[in-house]
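The next block holds one structure in the form of structure tokens; read it before the comments.
Protein chains in written order, with the numbering used here: chain C, 1 to 243; chain Z, 1 to 370.
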């Protein structure tokens with residue numbers, strides 16, 4: 001896949017955090033301390049850093065699942081406000097993948113994939129066509145009628161990917177998407193993830209501890225203590241470490 | 001389809017819990033239906049006593065119970081003389097008890113009373129009523145529980161009476177009652193020259209308003225009501241009906257608490273699942289719809305099962321000899337509809353708090369919960 005570096009002409013920003021603060025329990029616990037962040041259309045961005053540095057919190061804020069204590073989040077230059085705009089965001093612009101698959105037990109693979117389409121009121125035929133397309137591409141089309149209890153870990157995470165991409169979002173937010181998988185399956189899922197975001201022209205923002213995965217993204221954003229301490233192309237980061 | 005499956009999946013995940021909730025609603029509905037049907041039947045039977053071959057009932061104004069009503073014999077004679085009246089029959093109601101039977105209803109009637117004319121005679125002769133001194137006629141069920149036969153003496157209250165006839169009557173109160181000639185009943189109940197009510201048949205129903213007006217003018221202490229008006233305004237009927245519905249609604253409230261408990265547990269045990277639905281674009285309305293859908297299905301199944309159980313209970317009660325004639329097994333459609341509607345309403349009310357709770361689930365917090 002082609003790489004977009006910071007020194008290249010900056011493409012259109014799809015998601016932006018401006019001086020975002022997040023604290024809990026009346027400021028007793030500060031998770032984000034004035035984060036500025038931006039991701040351009042089609043970019044893959046890895047958020048790295050130790051546990052508790054605020055990666056997941058930033059993802060949640062970017063996806064409208066939470067609201068910042070201070071600062072603003074913009075998606076396609078529209079400021080996120082709680083309520084209907086967040087709902088529309090979750091339905092049409094953002095897809096989420098978590099470390100744990102969070103599939104609904106009792107439903108089949110196919111039905112789990114179709115949940116976002118049900119939420120958005122997508123016509124059944126259209127939704128089914130999209131679901132078949134995605135499951136074909138992720139290699140799980142032969143398991144459509146299986147209840148999720150009968151799927152392997154890899155198949156479950158592929159299902160989650162299909163579900164996240166069901167409504168053709170512009171942005172995919174992934175929180176440790178391979179964190180619960182073995183090394184081999186993890187590599188397979190990540191390859192699939194990169195392939196899907198490239199073909200679907202999606203912006204991927206991924207929180208990960210896995211440096212080898214982060215290195216394969218267009219940008220690597222390093223976080224420490226609730227702040228972005230470094231944001232560059234991975235190659236540049238490697239060079240800096242070597243000098 | 002998937003939305004429906006989400007609802008059904010959750011119900012089938014905790015089958016025992018769902019079953020208990022359905023049973024709660026079912027038994028509540030059955031209890032309500034049984035109580036309301038029995039009392040509606042009893043009210044219908046009692047009002048049938050008054051409406052037998054008549055359209056209007058005349059009784060003492062502002063009396064709380066017809067057993068306490070006193071209509072003077074002079075009023076009967078006067079009303080009979082009115083040209084618009086086809087016939088006017090005085091009836092005296094009295095209640096006595098015996099060792100084994102706390103309530104034996106007695107009817108003091110005239111020999112021409114429509115009840116006896118329409119009765120099916122099991123034993124005895126119609127013409128002996130009023131002709132044989134102190135002779136009484138027993139309803140067939142009364143004859144059974146008093147163990148009385150034709151020409152034997154039967155103890156009613158403090159006195160013995162010869163049985164001159166046994167009749168089978170459709171109305172449970174009448175079939176379990178004792179018919180006395182009016183003068184005998186007046187003497188027995190110490191109500192000389194009075195009756196409880198006068199049942200009146202007019203030559204033309206269009207004269208009803210004029211008749212009521214005339215009664216109001218000529219007998220200030222009496223009131224005349226059409227049978228339908230009587231059913232709606234008689235305070236005893238109102239109390240009975242209100243009691244039936246109150247008992248039934250209390251039962252349903254208990255069932256509703258069961259549904260509420262189930263739905264609360266249902267929401268609490270799948271907060272993360274609700275969070276996942278939120279992340280995937282489910283609105284507050286869709287989340288609430290899912291919760292209300294679950295409670296609606298539980299309530300609907302419970303209500304249908306309750307109708308079946310209630311029907312069986314009523315049929316079962318009707319088959320008990322001691323209750324024969326007192327139970328009207330005919331379930332009125334509006335009662336069934338009202339009971340089902342109340343069950344659904346209770347289910348929805350029971351799901352209100354769980355639905356609000358589910359709508360307030362914050363995905364970001366719920367997804368952190370392991």
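Quick reminder that beta carbons are idealized off the backbone N, C-alpha and C, glycines included.
By the three-class DSSP mapping on this structure, what secondary structure does residue i have?
i, result
"residue 189 of chain Z", "coil"
"residue 113 of chain C", "helix"
"residue 33 of chain Z", "helix"
"residue 89 of chain Z", "strand"
"residue 8 of chain C", "Only weak support exists for where residue 8 of chain C lies, its pLDDT of 48 falling under 50; the coordinates are left without a value."
"residue 38 of chain C", "strand"
"residue 201 of chain Z", "strand"
"residue 236 of chain Z", "helix"
"residue 106 of chain C", "coil"
"residue 206 of chain C", "strand"
"residue 164 of chain C", "helix"
"residue 156 of chain Z", "strand"
"residue 82 of chain C", "coil"
"residue 16 of chain C", "strand"
"residue 75 of chain C", "strand"
"residue 190 of chain C", "helix"
"residue 354 of chain Z", "helix"
"residue 123 of chain C", "coil"
"residue 1 of chain C", "Residue placement at residue 1 of chain C is poorly supported in this model, since its pLDDT is 41, which falls under 50; the coordinates are not used for a value here."
"residue 211 of chain Z", "helix"
"residue 336 of chain Z", "helix"
"residue 200 of chain C", "coil"
Whose Cβ in chain Z lies nearer than 8 Å to the Cβ of residue i?
i, result
"residue 163 of chain C", "280"
"residue 98 of chain C", "367"
"residue 52 of chain C", "Result: empty, since nearest Cβ-Cβ is about 13 Å, beyond 8 Å."
"residue 60 of chain C", "364"
"residue 87 of chain C", "281, 283"
Mind listing the chain C neighbours of residue i? Cutoff is C-beta to C-beta under 8 Å, in chain order.
i, result
"residue 272 of chain Z", "102"
"residue 2 of chain Z", "107, 111, 114, 115, 118"
"residue 13 of chain Z", "105, 106"
Which partner residues does residue i have in the DSSP bridge list?
i, result
"residue 21 of chain C", "C/33, C/70"
"residue 96 of chain C", "C/173"
"residue 231 of chain C", "C/221"
"residue 48 of chain C", "C/222"
"residue 224 of chain Z", "Z/58"
"residue 173 of chain Z", "BP columns for residue 173 of chain Z are empty, so no partner."
"residue 139 of chain Z", "Z/167"
"residue 94 of chain Z", "Z/106"
"residue 71 of chain Z", "Z/195"
"residue 263 of chain Z", "Paired residue(s): none; residue 263 of chain Z is not in a bridge."
"residue 178 of chain Z", "Z/106, Z/138"
"residue 161 of chain Z", "Z/154"
"residue 147 of chain C", "C/108"
What does residue i reach in chain C if we use C-beta pairs closer than 9 Å?
i, result
"residue 17 of chain Z", "In chain order: nothing, as chain C lies at least about 15 Å away."
"residue 298 of chain Z", "The contacting residues do not exist; residue 298 of chain Z stays about 17 Å from chain C at best."
"residue 267 of chain Z", "Going along chain C, no residue has its Cβ under 9 Å from residue 267 of chain Z, so there is no contact; the nearest lies around 15 Å."
Can you list, in chain order, the residues of its chain with a C-beta nearer than 7 Å to that of residue i? Leave out the 5 residues immediately preceding and following it.
i, result
"residue 197 of chain C", "44, 172, 204"
"residue 157 of chain Z", "96"
"residue 50 of chain Z", "57, 197, 199, 227, 230"
"residue 53 of chain Z", "114, 201"
Keeping to the same chain, check which residues put their C-beta closer than 6 Å to that of residue i; ignore five residues upstream and five downstream.
i, result
"residue 40 of chain Z", "none"
"residue 74 of chain C", "16"
"residue 132 of chain Z", "164"
"residue 258 of chain Z", "21, 24"
So which residues of chain D does residue i contact, with C-beta pairs closer than 8 Å?
i, result
"residue 73 of chain C", "Judged by its chain identifiers, the structure shown contains no chain D, and its protein chains are C and Z."
Leaving aside the five residues before and after residue i along the sequence, list all residues of the same chain whose C-beta is less than 8 Å from its C-beta, in chain order.
i, result
"residue 67 of chain Z", "93, 94, 95, 196"
"residue 249 of chain Z", "32, 342"
"residue 106 of chain C", "147"
"residue 100 of chain C", "180"
Which bits of chain Z does residue i rub up against, with CB to CB less than 7 Å?
i, result
"residue 65 of chain C", "279, 363, 364"
"residue 91 of chain C", "281"
For residue i, go through chain C and note every residue whose CB falls closer than 7 Å to its CB, in chain order.
i, result
"residue 9 of chain Z", "106, 107"
"residue 5 of chain Z", "107, 111"
"residue 375 of chain Z", "This structure gives no information on residue 375 of chain Z, because the portion of chain Z shown stretches from 1 to 370."
"residue 340 of chain Z", "Those do not exist, as residue 340 of chain Z stays about 29 Å from chain C at its closest Cβ, beyond 7 Å."
"residue 286 of chain Z", "119"
Next item on the list: Within the stretch 98-124 of chain Z, note down every full beta strand (DSSP E) run reaching 3 residues or more, in order along the chain.
Entry: 104-109, 120-124
Notebook entry, point to check: Residue ranges of each alpha helix (DSSP H) run of no fewer than 4 residues wholly in the stretch 277-330 of chain Z, ordered along the chain?
Noted result: Inside the stretch 277-330 of chain Z, DSSP marks whole alpha helix (DSSP H) runs of 4 or more residues at positions 284-319, from first to last along the chain.
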